[in-house]
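What follows is a set of notes on a single structure, which appears directly below.
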Amino acid sequence: MTPDSWLEAHAYLRPLADLSARVDRAMAGVGVFDARIPDWEDYRADFLAGVPLLPSADAAVDLEPGGRMAEALLLRLAPEVSSGKLAEEIRALATALQREPQVPRRIADFLMGDETFAPPFPGLLRYLAWTAMARFLRPVVTAFDGWRDEERWLRRYCPTCGSLPAMAQLVGADPGRKRLLSCGCCGTRWQYKRTGCPFCETDSQRLASVAIEGESGLRIDHCESCGGYLKTYVGQGNETLLLSDWTSLHLDLIAHDRRLNRLATSLYEFEPLR
Ligand SMILES: [Zn+2]
Ligand SMILES: [Zn+2]
Numbered sequence: 258m259t260p261d262s263w264l265e266a267h268a269y270l271r272p273l274a275d276l277s278a279r280v281d282r283a284m285a286g287v288g289v290f291d292a293r294i295p296d297w298e299d300y301r302a303d304f305l306a307g308v309p310l311l312p313s314a315d316a317a318v319d320l321e322p323g324g325r326m327a328e329a330l331l332l333r334l335a336p337e338v339s340s341g342k343l344a345e346e347i348r349a350l351a352t353a354l355q356r357e358p359q360v361p362r363r364i365a366d367f368l369m370g371d372e373t374f375a376p377p378f379p380g381l382l383r384y385l386a387w388t389a390m391a392r393f394l395r396p397v398v399t400a401f402d403g404w405r406d407e408e409r410w411l412r413r414y415c416p417t418c419g420s421l422p423a424m425a426q427l428v429g430a431d432p433g434r435k436r437l438l439s440c441g442c443c444g445t446r447w448q449y450k451r452t453g454c455p456f457c458e459t460d461s462q463r464l465a466s467v468a469i470e471g472e473s474g475l476r477i478d479h480c481e482s483c484g485g486y487l488k489t490y491v492g493q494g495n496e497t498l499l500l501s502d503w504t505s506l507h508l509d510l511i512a513h514d515r516r517l518n519r520l521a522t523s524l525y526e527f528e529p530l531r
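In the numbering used here, the protein residues as written are 258 to 531.
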């Protein structure tokens, strides 16, 4: 499965694919700052207590350079998107940010949940800023994957940034099959219980599954207690395409028609995409 063949089969995803490609191109022109890898022993106690890496004062990951990359991405993108609602919003956002002191720090704090900063198009900023921040954090996420004992986490929120998952993935074959949750913000994947619902934390056999015709590899798992659902990629090797969230927005429409609730975190909820 290639992105091209996927888009041929799902032509309605084209606007999102164009946006994603444009952001990727702009991102390729943004210089990447080095992220300091934390001293894992400093962070161990917080990890065992369930504190994600980025909010941990002991891990002390500095997100300011990632905020600088996010600002640079926005400024690169602004002249490239020339017409339409998205262009207007990107420009308004760039203008609003120019009025802020310490923009990179403000962006980093905003991603960590600081509500004192109210940019004009928060959804768009979250999407763009996480794209840049995830690129900045990539070496940290990789090192964290190598250090983390998955059996000691098994929590419903991302061990790196604390977000709820965007999607899930089933890897391997029974009896050793594992369920991973996938963060749509920072890109971390972590292990979770096979039958537990990450939204209401009901751990029973009450997870039902909807197979999607013609979509081998993707299905919708939903919880009969809270009605939350999680799009799930069954397989390995196509993570970049199938765990991108936007590449399976049609599954969200199917779930919506079935009156299931999207409780998963999404970066694709901003206005011009609706
Ligand atoms: Zn995350
Ligand atoms: Zn549930």
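Glycine is no exception: its CB is placed at the ideal position from the N, C-alpha and C atoms. Just so it is clear, the structure is predicted and the values come from calculations on it, not from any experiment.
When the Cα atoms are used, what is the spatial distance from Glu470 to Ser482? Going by the C-alpha atoms only, they are around 25 angstroms apart.
The alpha helix (DSSP H) that contains His513, what's its start and end? For His513, the enclosing alpha helix (DSSP H) begins and ends at 506-514.
Going by other Cβ atoms of all chains shown within 10 Å of its Cβ, with 16 needed for buried, is Arg383 buried or exposed? Counting every other CB atom within 10 Å of its CB across the protein chains shown gives Arg383 a total of 16 or more, marking it as buried.
Using 7 angstroms as the threshold, is the C-beta distance between His479 and Ala468 below it? Contact: no.
Return the residue from the list Ala268, Met284, Ala521 that minimises the CA-CA distance to Arg333. Answer by Cα proximity: Met284.
Is DSSP giving Arg392 helix, strand or coil here? It is helical.
With a threshold of 7 angstroms on Cβ separation, who are the neighbours of Phe393 within its own chain once the five nearest residues in sequence on each side are excluded? Contacts found: Val289, Phe290, Ala292, Pro322, Gly323, Met326.
Where the alpha helix (DSSP H) containing Asp281 begins and where it ends: Where Asp281 is concerned, the enclosing alpha helix (DSSP H) stretches over 271-285.
Any heavy atom of ligand 1 inside 6 angstroms of the beta-carbon of Ser202? Any answer about residue 202 is impossible in this case: the structure gives the chain only from 258 up to 531.
Can you tell me where the alpha helix (DSSP H) with Gln426 in it begins and where it stops? Looking at the DSSP string, Gln426 is not in any alpha helix (DSSP H); the run it does join, the beta strand (DSSP E), is 424-428.
Alpha carbon to alpha carbon, how far is His267 from Asp303? Give it in angstroms, no decimals. C-alpha separation (whole angstroms): 43 angstroms.
Hey, which residues come within less than 6 angstroms of ligand 2, measuring from Cβ to any heavy atom, in chain order? Matched residues: Cys454, Phe456, Cys457, Thr459, Cys480, Ser482, Cys483, Gly485.
Just to confirm the assignment, what range does the beta strand (DSSP E) spanning Gln359 have? For Gln359, no beta strand (DSSP E) encloses it, and the DSSP letter there is neither H nor E.
Do you know offhand how far Thr259's Cα is from Leu498's? Whole-angstrom Cα-Cα distance: 8 angstroms.
So is Thr352 buried or exposed if we call it buried at 16+ other beta carbons inside 10 Å? The residue is exposed, with fewer than 16 neighbouring Cβ atoms inside 10 Å.
So Thr522 and Cys442 are in contact, right, with Cβ under 8 angstroms, and what is the actual spacing, rounded? Sure, about 7 angstroms apart at Cβ, within 8 angstroms.
State yes or no: is the C-beta of Thr445 nearer than 6 angstroms to some heavy atom of ligand 1? Yes, the Cβ of Thr445 comes within 6 angstroms of a heavy atom of ligand 1.
Figure out for me which residue from Ala349, Tyr269, Asp406 has the closest Cα to the Cα of Gly307. Out of Ala349, Tyr269, Asp406, Asp406 has the C-alpha closest to the C-alpha of Gly307.
Where does the unbroken beta strand (DSSP E) through Lys342 begin, and where does it stop? Where Lys342 is concerned, there is no enclosing beta strand (DSSP E), although the alpha helix (DSSP H) it sits in stretches over 341-355.
Note down the Cα distance separating Glu357 from Arg451, rounded to an integer number of angstroms. Straight-line Cα distance between these residues: approximately 45 angstroms.
Which of helix, strand or coil does DSSP assign to Val491? Val491 sits in a strand when the DSSP states are folded into three classes.
Would you kindly check if the distance between the Cβ of Thr417 and the Cβ of Thr399 is under 7 angstroms? At least 7 angstroms separates the beta-carbon of Thr399 from that of Thr417.
Enclosing alpha helix (DSSP H) for Arg325 [first to last residue]: Residues 321-334.
What are the boundary residues of the beta strand (DSSP E) that Tyr300 is part of? From DSSP, Tyr300 is part of no beta strand (DSSP E) but of the alpha helix (DSSP H) over 297-306.
Taking the continuous alpha helix (DSSP H) assigned at Ser262, which residues delimit it? First-last of the alpha helix (DSSP H) with Ser262: 260-266.
Does ligand 1 have even one heavy atom less than 6 angstroms from the beta-carbon of Thr257? This structure cannot speak to residue 257, because the chain is shown only from 258 to 531.
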